[in-house]
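J.:
Residue numbers (this note's numbering): 1282 to 1580.
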């Protein structure tokens, strides 16, 4: 008698629970879509519960320009070469006057306007990731063997929907070149998941990259913008210029958020081809991140 009663209680619950979870995910998706419609352009959003399986992607098949968010996979590729003994974090690179001639964003050039200084690969990685230094980026491309070895490394991880074919100097020469470094939201999410689970790098390399992604001062109003102070965010931003039509190619932020409860989720925000002001775009990004935080914190 007790067994039959238990069955009558449990069997309906087995059907109700999946439907409830589906409804929650559907509501979450609708919420994110509603937020992104506050501005024009194309919103690429991908989020994943890194302790579970739930994944949600908006505009999954669109190829978004990465801009400086591609410095995250570049750093992974360089650190892979460190792990394999091809490079070393304490290896010195002599920064020359010629290196800093490139007219681009570079805190390194501001700090060493005449060059003539020795920097370690660790210094260059920190400048590239934490400060988004473009000159450091192209030096690391050179040390890694160019764009192709970096792209090949990412593809070897099983992340195929991504292209890394142009360096910072090349992107600065023509507006359209930035679109050749593209990524689908799910591919960047996959890369973040691989990194989080420590599948691709040694612990020391993983910890080093995590630290410089957490320490970076860029993009404070994006993923981090509306999150609780207790949240720890390891992320990399990307920002394009604005063309003659007032269109920004992309405003990006990709990263891993550790919540106050100790659990983590990955988030990819690609806001492309918008004529909205940067402040409005970043507000939308912060709202999406906050919604994801609240959704996963409640699980």
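Note that the Cβ used here is the ideal one computed from N, Cα and C, for glycine as well.
#1: What number of angstroms, rounded off, separates the C-alpha of residue 1493 from the C-alpha of residue 1350?
#2: Does DSSP put residue 1386 in a helix, a strand or coil?
#3: In the DSSP assignment, find the unbroken alpha helix (DSSP H) run with residue 1415 in it and report its ends.
#4: Determine, using beta-carbon pairs with one atom in the segment 1547-1555 and one in the segment 1327-1341, whether at least three such pairs fall under 8 Å.
#5: Can you look up residue 1571 in the DSSP assignment and give me helix, strand or coil?
#6: CB-CB under 8 Å to residue 1345, same chain, minus the five flanking residues each way: which ones, in chain order?
#7: If contacts are defined as beta-carbon pairs under 8 Å, then residue 1447 and residue 1432 qualify, I think. What distance do you get, rounded to the angstrom?
#8: Could you please give the first and the last residue of the uninterrupted alpha helix (DSSP H) stretch that includes residue 1435?
#9: I need the DSSP call for residue 1347, collapsed to helix, strand or coil.
#10: Among 1484, 1353 and 1574, whose alpha-carbon lies nearest the alpha-carbon of residue 1510?
#11: Would the segment 1414-1422 and the segment 1464-1484 be scored as touching if the rule is three or more Cβ pairs under 8 Å?
#12: Count the other CB atoms, across all protein chains shown, that sit within 10 Å of the CB of residue 1428; report buried if there are 16 or more and exposed otherwise.
#13: In whole angstroms, what separates the C-alpha of residue 1309 from that of residue 1400?
#14: Quick check on the burial criterion: 16 or more other C-beta atoms within 10 angstroms. Buried or exposed for residue 1377?
#15: Going by beta-carbon coordinates alone, are residue 1385 and residue 1449 separated by less than 7 Å?
#16: Taking only the alpha-carbon atoms, compute the straight-line gap between residue 1541 and residue 1395 and give it to the nearest angstrom.
#17: Do residue 1538 and residue 1569 count as a contact pair if the criterion is CB distance below 7 Å?
#18: With a floor of 3 residues, list each beta strand (DSSP E) that falls wholly inside the segment 1485-1535, ordered by position along the chain.
#19: Report the rounded CA-to-CA distance for residue 1339 versus residue 1496, giving the unit in angstroms.
T.: According to the data block:
#1: A straight line joining the alpha-carbon of residue 1493 with that of residue 1350 spans about 14 Å.
#2: Assignment of residue 1386 by DSSP, reduced to helix, strand and coil, places it in the coil class.
#3: Here the alpha helix (DSSP H) through residue 1415 covers 1415-1425.
#4: In short, these stretches touch, since the Cβ pair count reaches three.
#5: The three-state secondary structure of residue 1571, taken from DSSP, is helix.
#6: So the list reads 1323, 1325, 1463, 1464, 1465, 1466, 1531, 1533, 1551 and 1553, once near-sequence residues are dropped.
#7: Incorrect: roughly 11 Å between the Cβ atoms, too far for contact.
#8: Residues 1428-1437.
#9: Reduced to three states, the DSSP call for residue 1347 is coil.
#10: The candidate whose alpha carbon is nearest that of residue 1510 is 1574.
#11: Taking a cut-off of 8 Å for Cβ pairs, the segment 1414-1422 and the segment 1464-1484 do not touch, as fewer than three such pairs fall below it.
#12: Burial state of residue 1428 is buried, judged by a 10 Å Cβ sphere holding 16 or more other Cβ atoms.
#13: Between the alpha carbons of residue 1309 and residue 1400 lies a distance of about 46 Å.
#14: Exposed is the call here.
#15: Closer than 7 Å, so yes.
#16: So the alpha carbons of these two residues sit roughly 45 Å apart.
#17: Contact: no.
#18: List check, beta strand (DSSP E) in window: 1513-1520.
#19: Spanning the two alpha carbons is a distance of roughly 28 Å.
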